[in-house]
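Novice: Take a look at the following structure, please.
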Amino acid sequence: MIRMNGLEHEIDLKEERYNEFGSVKDRVAWYVLNNSAKPGEPVESVIDASSGNYGYALSRIGERLGISVSVVSSPSISEFNAAGIRGAGARLIIAEARDGESANAARMRVAGEIATTEGSLFLDQYRSLLNPASHQEWTATELFSEGEFNACFVAASSGGTARGFADFLAANPHPTELVLVDPYGSRSFEDPGAGDLPKLFIPGYGSGRASSFSNVSPKPSVRRVSETDVLAAFGLFEQLGLPGIGLSSIGVVLGALDWLAEATEPQRVVCVCADGDDRYRDEFESRYLPKIEPHELQTAIARLKPVLSDLQTFTPLSDQVSVAQ
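Numbering (numbering that gives the first Met the number 0), first residue to last: 0 to 324.
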């Protein structure tokens, strides 16, 4: 619960970190793999592009099913996910972007090239409609079984979760506003405009490429939350004893708080939290904090601490998801 402008609001978290392999991408990896294979044709090897969480989940599922997995990622992949992919016996390839090419597009290009050369099944999660379908039929269905919400907040990221929730709400009308949260400079669902755009550095938070799933009508609204604010809040979440959610998930919660600050009556909202802080904690000070100026970090901490200190109890909604038994 949080009190803002004299109103008391309820904020629920759907914590996907409790899934078997630790993120919302467990669902996508299982669903895409399970539905991409042709009946009667066993799959021996697959390849796909990933910023990290999906590749980790796919590698673990492949390990369990005896399927060879190759993951194409970017230099920004977290050490947690890189080590997890290799630890599952999968191959990790790092794709370097060409001039004018986004990291996302580079991953997709290299994965497609390798699939053609080696004959592996290219799952193509960034373009496959199975990606949003996994959320429409599974994640969103599970969440809305908990009741009604005035608004649902999701990281825009590469678009699969956002599109899946949009499709669910279109097919199952609820009095719920879908709000996407993105960092400044991201192009996922909304053009950030011209000018000197910031370079994105948090894995899985924002995208330099317009999502393949952005052609949805009506388009969800987009709230921008800076990566500086996300890093400032990450430390505050630990300091204040708030749930151990990951970086993009903190952006989602901050987007929800920003939205609630404009509310004129009590609201019940839900935030879809993609992963946990375990994916970032070990590299937080060495890798992420140096990306921002110390004075900018301290300014953000001073601004956010009074708001986050007012948060009382979060209600996690998600049951653990176990896949590939």
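By construction, the Cβ of each residue, glycine as well, lies at the ideal position given by its N, Cα and C atoms.
For V271, which residues in the same chain have their Cβ closer than 6 Å to its Cβ, ignoring the five residues on either side in sequence?
Specialist: In the sequence shown, the residue the question calls residue 271 occupies position 272. Result list for V271: K13 and V153, in chain order.
Novice: Within 10 angstroms of the Cβ of A301, are there 16 or more other Cβ atoms? Answer buried if so, exposed if not.
Specialist: In the sequence shown, counting from the first residue as 1, residue 301 sits at position 302. Flag for A301 reads exposed.
Novice: Could you round the C-beta distance between G159 and S187 to whole angstroms and report it? I think they count as a contact, below 8 Å.
Specialist: The sequence position of residue 159 within the sequence shown is 160, counting from 1. The sequence position of residue 187 within the sequence shown is 188, counting from 1. G159 to S187, Cβ: 10 Å. No contact.
Novice: Going by CA-CA distance only, name the one from L230, R106, P293 and P41 that's closest to Y279.
Specialist: Within the sequence shown, numbered from 1, the residue matching residue 279 stands at position 280. The residue with the shortest Cα to Cα distance from Y279 is L230.
Novice: On the three-state DSSP scale, how would you describe A170?
Specialist: Here residue 170 is taken as the residue at index 171 of the sequence shown, counted from 1. A170 falls in the helix class under three-state DSSP.
Novice: For A114, which residues from the same chain have a beta carbon less than 6 Å from its beta carbon, with the 5 sequence-adjacent residues on both sides left out?
Specialist: Residue mapping note: residue 114 aligns to position 115 of the sequence shown, counting from 1. Same-chain partners within the cutoff: I46 and F121.
Novice: Measuring alpha carbon to alpha carbon, tell me which residue in D228, G250 and P265 is nearest K290.
Specialist: As a position in the sequence shown, residue 290 is number 291, starting the count at 1. The option with the nearest alpha carbon to K290 is D228.
Novice: Take the Cβ of R162 as the centre, count every other Cβ of all protein chains shown within 10 Å, and call the residue buried at 16 or more, exposed below.
Specialist: Reading the sequence shown from its first residue, position 163 is the one you call residue 162. So R162 counts as buried.
Novice: Run through the DSSP bridge pairs and tell me what L196 is partnered with.
Specialist: On the sequence shown, position 197 is the one that residue 196 refers to. Per DSSP, none; premise fails for L196.
Novice: Could you name the residues of the same chain whose beta carbon sits closer than 7 Å to that of A232, not counting the 5 residues immediately before and after it, in chain order?
Specialist: For this step, residue 232 is matched to residue 233 along the sequence shown. Only I249, L253, L303 and L307 meet the Cβ criterion.
Novice: What does D47 pair with, by DSSP beta-bridge criteria?
Specialist: The residue labelled residue 47 in the question sits at position 48 within the sequence shown. Looking at the DSSP assignment, D47 forms a beta bridge with V70.
Novice: On the three-state DSSP scale, how would you describe I291?
Specialist: Against the sequence shown, residue 291 aligns to sequence position 292. I291: coil per DSSP, three-state reduction.
Novice: Please tell me whether V215 and L179 are closer than 7 Å, where the distance is taken between their beta carbons.
Specialist: For the purposes of this step, residue 215 is identified with residue 216 of the sequence shown, where counting begins at 1. For the purposes of this step, residue 179 is identified with residue 180 of the sequence shown, where counting begins at 1. Cβ distance not < 7 Å, so V215 and L179 don't count as in contact.
Novice: With DSSP run on the structure shown, which of helix, strand or coil describes E100?
Specialist: Position 101 of the sequence shown, counting from 1, holds the residue named residue 100. If DSSP states are grouped into helix, strand and coil, E100 belongs with coil.
Novice: Please report the residue range of the alpha helix (DSSP H) in which D257 lies.
Specialist: Position 258 of the sequence shown holds residue 257. Where D257 is concerned, the enclosing alpha helix (DSSP H) stretches over L246 to L259.
Novice: Within 10 Å of its beta-carbon, does R97 have 16 or more other beta-carbons around it, so buried, or fewer, so exposed?
Specialist: Here residue 97 corresponds to residue number 98 of the sequence shown, with the count starting at 1. That one is exposed.
Novice: Counting only runs that start and end within the segment 0-31, where is the beta strand (DSSP E) found for 3 or more residues in a row?
Specialist: Correct list: 1-3 and 6-14.
Novice: With E226 as the anchor, note down where its beta strand (DSSP E) starts and where it stops.
Specialist: Within the sequence shown, the letter at position 227 stands for residue 226. Premise fails: E226 lies in the alpha helix (DSSP H), E226 to Q238, not in any beta strand (DSSP E).
Novice: Are at least three pairs of beta-carbons, each pair with one atom in the segment 135-146 and one in the segment 99-108, less than 8 Å apart?
Specialist: The segment 135-146 vs the segment 99-108: no contact.
Novice: Tell me the rounded alpha-carbon separation between Y183 and P41.
Specialist: To locate residue 183, count along the sequence shown from 1; it is residue 184. To locate residue 41, count along the sequence shown from 1; it is residue 42. Using only the alpha carbons, I get a separation of about 43 Å.
Novice: Excluding the 5 residues preceding and the 5 following M3 in the sequence, name in chain order all residues of the same chain whose CB lies nearer than 7 Å to its CB.
Specialist: Here the question's residue 3 lines up with position 4 in the sequence shown. Taken in chain order, the residues that qualify are L259 and A260.
Novice: Hey, quick one: how far does the alpha helix (DSSP H) through F212 stretch, first residue to last?
Specialist: Sequence index remark: in the sequence shown, residue 212 carries index 213 (1-based). Premise fails: F212 is in no alpha helix (DSSP H) and is neither H nor E.
Novice: Please work out which residues of its chain come closer than 7 Å, Cβ to Cβ, to P131, disregarding the five sequence neighbours upstream and downstream, and give them in chain order.
Specialist: Here residue 131 corresponds to residue number 132 of the sequence shown, with the count starting at 1. Cβ within range, chain order: G159, R162, G163, D166 and F212.
Novice: Below 8 Å on the Cβ atoms is my guess for Y53 versus A28; work out the distance and round it to an integer in Å.
Specialist: Taking the sequence shown and counting its residues from 1, the one referred to as residue 53 is at position 54. Taking the sequence shown and counting its residues from 1, the one referred to as residue 28 is at position 29. About 6 Å; that satisfies the 8 Å criterion.
Novice: At 4 residues or longer, and completely inside the segment 97-181: list those alpha helix (DSSP H) runs for me, N to C.
Specialist: Counting only runs of 4 or more, we get 102-117, 129-133, 139-143 and 159-170.
Novice: Grab the span of the beta strand (DSSP E) containing R267 for me, first residue to last.
Specialist: Numbered from its first residue, the sequence shown carries residue 267 at position 268. Here the beta strand (DSSP E) through R267 covers R267 to C272.
Novice: Comparing C-alpha positions only, which one of Q266, R267 and Y287 sits nearest to S247?
Specialist: Within the sequence shown, numbered from 1, the residue matching residue 247 stands at position 248. Minimum Cα distance to S247 is reached at Y287.
Novice: Once DSSP output is grouped into helix, strand and coil, what is the label at L310?
Specialist: On the sequence shown, residue 310 is found 311 positions in, with the first residue counted as 1. In the structure shown, L310 sits in coil (DSSP, three-state: anything other than H, G, I, E or B).
Novice: What are the residues that DSSP puts in a beta bridge with R223?
Specialist: On the sequence shown, residue 223 is found 224 positions in, with the first residue counted as 1. According to DSSP, R223 bridges with D181.
Novice: Does the beta-carbon of A21 have 16 or more other beta-carbons within 10 angstroms, so that it is buried, or is it exposed?
Specialist: Taking the sequence shown and counting its residues from 1, the one referred to as residue 21 is at position 22. Here residue 21 turns out to be Gly, not Ala, going by the sequence shown. Answer is buried; the Cβ neighbour count reaches 16.
Novice: Taking all protein chains shown into account, do 16 or more other C-beta atoms lie within 10 angstroms of the C-beta of E237, making it buried, or fewer, making it exposed?
Specialist: Within the sequence shown, residue 237 is the residue found at index 238, counting from 1. That one is exposed.
Novice: Once you ignore the five residues that flank F79 on each side, which residues in its own chain have a CB closer than 6 Å to its CB?
Specialist: Counting from one through the sequence shown, the residue named residue 79 turns up at place 80. Excluding positions up to five away in sequence, the list reads R278.
Novice: Going along the chain, which residues of its own chain have a beta-carbon closer than 8 Å to the beta-carbon of L296, five neighbours each way excluded?
Specialist: By one-based count along the sequence shown, residue 296 stands at place 297. Here the set comprises T227, L230, A231 and L288.
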